[in-house]
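Peer 1:
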Amino acid sequence: MHDVHAAVTTPTPTFTPEMQRMRSGGYSIERGVLTAAEIDELKRAVQAHFRTKGRTQYGGRIQLRGLHAVPEVSRVLLSDAIIEVMRRHTPDGHVLLTGECDLMMNTTSGWHKDVTSDMRMGNAIFADPDFAVYKLAIYLQDQDEGSIAAFRVRPGTQRMADGDAVPAERLETQAGDVVVFDVRMDHAGQPPNLMTRMLRRQLGLIAPPLGLDQERMLTGIRARLPGPDRLAVFMTFGPDTPATRAYAAAGQHRHGPAPAPLSAGAEAALHRPGLAMIPVN
4 MHDVHAAVTT
14 PTPTFTPEMQ
24 RMRSGGYSIE
34 RGVLTAAEID
44 ELKRAVQAHF
54 RTKGRTQYGG
64 RIQLRGLHAV
74 PEVSRVLLSD
84 AIIEVMRRHT
94 PDGHVLLTGE
104 CDLMMNTTSG
114 WHKDVTSDMR
124 MGNAIFADPD
134 FAVYKLAIYL
144 QDQDEGSIAA
154 FRVRPGTQRM
164 ADGDAVPAER
174 LETQAGDVVV
184 FDVRMDHAGQ
194 PPNLMTRMLR
204 RQLGLIAPPL
214 GLDQERMLTG
224 IRARLPGPDR
234 LAVFMTFGPD
244 TPATRAYAAA
254 GQHRHGPAPA
264 PLSAGAEAAL
274 HRPGLAMIPV
284 N
């Protein structure tokens, strides 16, 4: 079995089983990448951050540019284990980070692709066999296949502009697993339940006339419901190709500037062989 905690070595061109899974189904699950201590560190850091920062959206809280915003997140996401996972999904083993890193707590999600119309990349990317822009999805709690919170995918839809007719799969993941998926693939997180949909509808009528923030009100109500927080961390990467750089540039307006400089530890990690990040202004 591959030792995901081995030190990152000098990249060598190869075609790995992980790349084959990405090319065929559009996703790959890497089991047991992070230790229990690393998951606990991420949980504590993300929860502490959202006590005072982040923005309300999708019924929960989100933070864009998480590598910059939370040093503990960058320490774990730029660890040897995570870099090794990215290397095995990158054609020449050289990993380019786009600078996108999303932290999420208690959010809901419908079906979507992470290539959106406002990015104006066109439908030709769905026929491009060499397009290899991927996201890491790290859920910080166990999510079995039957869980409403399980990550859902439509395999193969990275090659389709419209994948609505493709049957969905729910992915069973344990805290410490890493899901890698193609940004073109249809995917979804936990859907809003009936109560959340009704609340959103009612708040949409009540909040605007009163000058109140509908999302903030919805998030506040949902935060008072019983149950543990659901936490997730996402990070985008690919090979150093024009396609990866074009994707990062096209999404710049959605992710915005860095909220803070990278930590000294993150800067040092990015100087390792075979790893780089597109500068974030």
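The numbering of the sequence shown is the numbering used here, which starts it at 4 and goes up by one.
Beta carbons: idealized from backbone N, C-alpha and C, even for Gly.
Every value quoted in this text rests on a predicted model; they were computed, and no experiment measured them.
Quick one: is residue 127 buried, meaning 16 or more other Cβ sit within 10 Å of its Cβ, or exposed?
Peer 2: Sequence index remark: in the sequence shown, residue 127 carries index 124 (1-based). Label assigned to residue 127: exposed.
Peer 1: If you measure between the beta carbons of residue 69 and residue 283, is that distance less than 8 Å?
Peer 2: Here residue 69 refers to the residue found at position 66 when the sequence shown is read from its first residue. Here residue 283 refers to the residue found at position 280 when the sequence shown is read from its first residue. No, these two residues do not count as a Cβ contact at 8 Å.
Peer 1: Closest by CA to residue 74, which one among 273, 281, 46 and 269?
Peer 2: Your numbering for residue 74 matches position 71 in the sequence shown. Nearest C-alpha to residue 74: 269.
Peer 1: Give the secondary structure of residue 144 by DSSP, where H, G and I count as helix, E and B as strand, and everything else as coil.
Peer 2: Locating residue 144 in the sequence shown gives position 141, counting from the first residue. If DSSP states are grouped into helix, strand and coil, residue 144 belongs with coil.
Peer 1: For the region 181-219, list the beta strand (DSSP E) runs that are entirely contained and at least 3 residues long, ordered along the chain.
Peer 2: With a minimum length of 3 residues, the continuous beta strand (DSSP E) runs that stay inside the region 181-219 are 181-185.
Peer 1: Taking the alpha carbon of residue 40 as the point to measure from, which residue in 134, 111, 92 and 179 has its own alpha carbon closest?
Peer 2: Looking up residue 40 in the sequence shown gives position 37. It is 179 whose Cα lies nearest to the Cα of residue 40.
Peer 1: I'd like to check one pair, residue 100 with residue 240: are the Cβ atoms closer than 8 Å?
Peer 2: As a first step, residue 240 must be located in the sequence shown, where it is residue number 237. As a first step, residue 100 must be located in the sequence shown, where it is residue number 97. Against a cut-off of 8 Å, the Cβ pair of residue 100 and residue 240 comes out as a contact.
Peer 1: What does the alpha-carbon distance come out to for the pair residue 133 and residue 57?
Peer 2: Translated into positions along the sequence shown, residue 133 becomes position 130. Translated into positions along the sequence shown, residue 57 becomes position 54. The straight-line gap from Cα to Cα measures roughly 35 Å.
Peer 1: Which whole-angstrom value describes the C-beta separation of residue 116 and residue 188, a residue pair presumed to lie in contact below a C-beta threshold of 8 Å?
Peer 2: Position 113 of the sequence shown holds residue 116. Position 185 of the sequence shown holds residue 188. Confirmed, Cβ separation roughly 7 Å.
Peer 1: Go ahead and label residue 110 buried or exposed: buried means 16 or more other beta carbons lie within 10 angstroms of its beta carbon, across all protein chains shown.
Peer 2: The residue labelled residue 110 in the question sits at position 107 within the sequence shown. Buried: at least 16 other Cβ atoms inside 10 Å.
Peer 1: Taking the straight line between their C-alpha atoms, what separation do you get for residue 85 and residue 137?
Peer 2: For this step, residue 85 is matched to residue 82 along the sequence shown. For this step, residue 137 is matched to residue 134 along the sequence shown. Using only the alpha carbons, I get a separation of about 13 Å.
Peer 1: Do you know how far the Cα of residue 262 is from the Cα of residue 186?
Peer 2: Indexing the sequence shown from 1 puts residue 186 at position 183. Indexing the sequence shown from 1 puts residue 262 at position 259. Those two C-alpha atoms are separated by around 24 Å.
Peer 1: Which residues in the same chain have their Cβ closer than 6 Å to the Cβ of residue 94, if we skip the five residues on either side of it in sequence?
Peer 2: As a first step, residue 94 is located in the sequence shown; it is residue number 91 there, counting from the start. Cβ neighbours of residue 94 beyond the five flanking positions: 242.
Peer 1: Using the Cα positions of residue 30 and residue 122, report the straight-line distance between them to the nearest angstrom.
Peer 2: As a working note, residue 30 is residue 27 in the sequence shown. As a working note, residue 122 is residue 119 in the sequence shown. C-alpha separation (whole angstroms): 22 Å.
Peer 1: Hey, could you find the ends of the alpha helix (DSSP H) residue 271 is sitting in?
Peer 2: Numbered from 1 along the sequence shown, position 268 holds the residue referred to as residue 271. Note, residue 271: alpha helix (DSSP H), 267-272.
Peer 1: Identify the residues that DSSP records as bridge partners of residue 237: which are they?
Peer 2: The residue you call residue 237 lines up with position 234 of the sequence shown. Paired residue(s): 105 and 140.
Peer 1: By the three-class DSSP mapping on this structure, what secondary structure does residue 9 have?
Peer 2: Taking the sequence shown and counting its residues from 1, the one referred to as residue 9 is at position 6. With a pLDDT of 46 at residue 9, under the threshold of 50, the modelled position of this residue cannot be trusted, and the question is left open.
Peer 1: Is the region 142-160 in contact with the region 191-201, if contact means three or more CB pairs nearer than 8 Å?
Peer 2: In short, these stretches touch, since the Cβ pair count reaches three.
Peer 1: Can you tell me whether residue 205 is buried or exposed? The criterion is at least 16 other CB atoms within 10 Å of its CB, across all chains shown.
Peer 2: The count along the sequence shown starts at 1 and reaches residue 205 at position 202. Residue 205 is exposed by the Cβ-count criterion.
Peer 1: Give me the Cα-Cα distance between residue 32 and residue 182, rounded to the nearest whole angstrom.
Peer 2: In the sequence shown, residue 32 corresponds to position 29, counting from 1. In the sequence shown, residue 182 corresponds to position 179, counting from 1. Spanning the two alpha carbons is a distance of roughly 5 Å.
Peer 1: Helix, strand or coil: how does DSSP classify residue 33 here?
Peer 2: Here residue 33 corresponds to residue number 30 of the sequence shown, with the count starting at 1. Of the three classes helix, strand and coil, the one that applies to residue 33 here is strand, per DSSP.
Peer 1: Mark residue 1 as exposed unless 16 or more other C-beta atoms lie within 10 angstroms of its C-beta, in which case mark it buried.
Peer 2: No information on residue 1 is available, as it lies outside the stretch 4 to 284 that the chain covers here.
Peer 1: Which residues in the same chain have their Cβ closer than 6 Å to the Cβ of residue 107, if we skip the five residues on either side of it in sequence?
Peer 2: By 1-based counting over the sequence shown, the position of residue 107 is 104. Answer for residue 107: 65 and 235, listed in chain order.
Peer 1: Going by DSSP in three states, residue 2 sits in which element: helix, strand or coil?
Peer 2: Summary: the structure shown does not reach residue 2, with the chain confined to residues 4 through 284, and so no result is reported for it.
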